[in-house]
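Numbers given in our numbering equal positions in the sequence shown, counted from 1, plus 127. Okay, so here's the structure we're looking at.
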Amino acid sequence: MTEYVLTEEQKAFLPTEEEIVQFEQKGYYVSRPGALPDDLIERAIAGAHRFYAGDRDAKLPVETGFSNWTPAEGDHVPRNNEFVSLQKKELMDVAKYPLIGAIGARLLRIKSLRLLDDQLICKPPMVGSPSDTITGWHADGAYWATCSSDSLITAWAPFHDVPIERSPLVVMEGSHRWSGLEHTRFFNNKNLGEIEERFRSQGCEVKVVPLVMKRGQFSFHHRWTVHASFPNISSQPRLSFAMHLQDGDNRYRPAFRPDGREIHIADEMMCRKQPNGDPDFTDPAAFPLLWSEGY
Ligand SMILES: O=C(O)CCC(=O)C(=O)O
Ligand SMILES: [Fe+2]
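The structure is reproduced here in structure tokens:
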């Protein structure tokens, strides 16, 4: 049974009320340095390398329908693999590190957080054009149409220092309070300036903030915070782990495209079904509880 308690040392990393208010205004939060222990990161790096080499602790029910880099794609493209924590225990250990869920829950002022999805991303050092390793502007929530809750949040943990040249995550400050972001799905659009211009022309005040971090820090962004990542123009790979988290009340809801076609997300294939046949986003096997208090 997971214990949802923090040590005194861990409690020192919880956001203050002032920091929570800042998150509510800006849509992002960066933890204090040293929040993720070094040995956890070391094991995660080793686990990531074993994962890339084909080693699995468990198999997913399906292997397609989501980002799932394979060695056949080569080493010169960014690697993006989803649902890695369900397949490799060292990455699940990062997701389950209690401060991830505890800080996320505090920022959203909720009591519990479950995993929803994750992305292990490795961007190679610069080999071609800088734009090859850009992650385009998007709001994570735009990819989760069948999630009922707005209390969804992503924790993003780099496994090394991320200076400006090593592909930091970058956010549009306060964008989570804009409306009409349901279709902000430009993850693969490398032209950051074009999308920035598009928002400006719609009257949005675009303030771009790179989240430069030290190893051991991690950041959070809200379901609707528009974010991207800069290219990796350093001489080393950029390895990071994004953990997408859902609040305890999140449930499956049907969603449709404007042309009437039904939308489905990969999470629906990972979990058990409810009695009515709908996917069960509370399935603890697919979406383990990472934090809970007051129960
Ligand atoms: O690491 C990246 O480049 C993108 C990560 C991302 O989109 C996220 O954490 O939600
Ligand atoms: Fe994202």
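Beta carbons are placed, not taken as given, at the ideal position from N, Cα and C, and that holds for glycine.
| query | result |
| --- | --- |
| Beta-carbon spacing of residue 355, residue 261 below 8 Å | yes |
| Distance CB(residue 314)-CB(residue 255) smaller than 8 Å | no |
| Opposing strand residues paired with residue 427 [DSSP bridges] | Nothing can be reported for residue 427, as the shown portion of the chain is limited to 128 through 422. |
| Residue 267: CB within 7 Å of a non-hydrogen atom of ligand 1 | yes |
| Where residue 155 falls: helix, strand or coil (DSSP) | strand |
| The region 188-202 contacting the region 154-172, beta-carbon criterion three pairs below 8 Å | no |
| Among 176, 226, 291, nearest to residue 139 - alpha-carbon criterion | 226 |
| Distance cut-off 7 Å: residue 311 Cβ against heavy atoms of ligand 1 | no |
| Whole-angstrom distance between residue 280 and residue 143, CA atom to CA atom | 18 Å |
| Bridge-paired residues (DSSP) for residue 402 | For residue 402, which the question treats as bridged, DSSP gives no partner whatsoever. |
| Exposed unless 16 or more other CB atoms sit within 10 angstroms - verdict on residue 413 | buried |
| Any non-hydrogen atom of ligand 2 within 7 Å of residue 260 CB | no |
| Alpha helix (DSSP H) runs wholly inside the region 291-328, at least 4 long, in chain order | 319-328 |
| Integer-rounded CB distance, given that residue 362 should sit under 8 Å from residue 252 | 5 Å |
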